[in-house]
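UniProt numbering puts the first residue of the sequence shown at 1, with every later residue one more than the last. Note that beta-carbon positions come from the ideal geometry of N, C-alpha and C, so glycine has one too.
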Amino acid sequence: MRFLALHGRLDSCEGTGRAIVIVRIVAVTSQGVPHSIERRALRVEPDEGVFFTPAVWRAPTPGRVRLQCLPEAVRRSDPRPGRPAPASRERFTYLGRPRGMNKQRLTFTSLILLPLVVSCGSEMGSVSVGSGLSTDSVTGVRWAVDSLTVDGKQTAAPKGASLEIGKNGKVHGSTGCNNFRATAKMTGGSITFEGAGFTEMACDDVPLAFEDSLHSTLTGGRLEARIKGGGLTLTSDSGDKVQLSEEKPAQLYGIKWTVDALVDDNTARALPPGADGKVWFTLDKKSSRFTGSLGCNRVTAQATVRDGHITLGPLGTTRRMCSGALMETERAMQDLLQKKIAYEGDHRGITLTGDNGQGISATPGN
């Protein structure tokens, strides 16, 4: 078995608040089938790019990943065995993989880092608007890609596929696996995406055909844009369509938040093995009650939410003993919950942070 690449999802690169990057090592078998062998959650600051130090990823062992923020994308060439690859920088302006390239047939023999990050410092053109389509109705909205129709065949989009056009014309999006950026030009009732750049990552959970078709549709020229009932439809001259819907930010109350990472200042690490899916919490607005699981024991407390902070009263917990990994996570959770907690949320998740910079990130759902 050989290392193929790092798979990552860059949830956010610009704007306000912190961003969470989910990355994982992907290995490929002798039959050329990739699969995940480790997953990490990392936090980055807004308006910054990111790259990962390959040495940290030589083996799936616990440890922090150092982050460095750059105005350019970073590619690392195939290194000699046992040596970190030298970094070379290039502008992120290419148009993605050659047509027909199969990601599962890449033949890298050691860990490499493919262009993973949409850079956040490049100049972008502004949105130009003609008659027939309001800029405000399209920009500043996170659009979830629901489906793609090509040659009359509709395909449901994978989870995480999205598109967002900033007020200044900067476009950021995801195919559900790879991230992309572009410049949006709006004229009349149409949108054209120019200067598109896509990352190149090996993903075993997003069909290559979908990525290729979405790439071709978005970069193939003028797209007629229509908004109806909270949805956006982009239609090419050949009749291919991208159907999108507005993605509302997750609400703090009434949601089961599942903790996916422990945060410490500018780094975050995935929960220890055995703790995945076992640490969660909810906030009930009517009763002002915080309830959840610390990983091993259940917890409940009165909650006061004010000015971006959550303050809990005395914690009530069950008293079970569990494995070392679960108890380690539980101690970190208890320490956090006894402090005044700052919370930040967006479309994809929430971060709770104590005044010492330590905290958790969580996503909605089971």
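- Note: T258 is bridge-paired with W280 and T363 in the DSSP secondary-structure output.
- With the rule of 3 Cβ pairs closer than 8 Å, the region 226 to 240 does not count as touching the region 317 to 325.
- If you look at Q154, you'll find it in the beta strand (DSSP E) that goes K153 to A156.
- Residue state for A209 is assigned as helix, using DSSP reduced to three classes.
- Counting only residues of its own chain and dropping the five nearest sequence neighbours on each side, W143 has a CB closer than 6 Å to the CB of L163, L232 and L244.
- In this structure, DSSP gives G231 an extended state, which the three-state scheme calls strand.
- Within its own chain, the residues whose Cβ lies closer than 7 Å to the Cβ of L336, once the five positions on either side in sequence are excluded, are L352, G354, Q358, G359 and I360, listed in chain order.
- Residue nearest to T192 within the set A156, L234, F180 and G176 is L234 (criterion: CA-CA distance).
- R181 sits in a strand when the DSSP states are folded into three classes.
- For A196, the enclosing beta strand (DSSP E) stretches over residues S190 to F198.
- In the displayed model, D335 falls within a helix according to three-state DSSP.
- Residue state for D136 is assigned as helix, using DSSP reduced to three classes.
- About 11 Å separates the beta carbon of G195 from that of F180, a gap too long to meet the 8 Å contact definition.
- Under the DSSP assignment, S162 falls in the beta strand (DSSP E) whose first and last residues are S162 to I165.
- Listed as beta-bridge partners of G173 by DSSP are L163 and F180.
- Closest option to V259, judged by alpha-carbon separation, among S216, G365 and S137: G365.
- Here G292 is bridged, per DSSP, to F281 and V299.
- Taking C-alpha positions only, T317 is separated from V171 by approximately 46 Å.
- According to DSSP, residue pairing for Y343 in a beta bridge involves L352.
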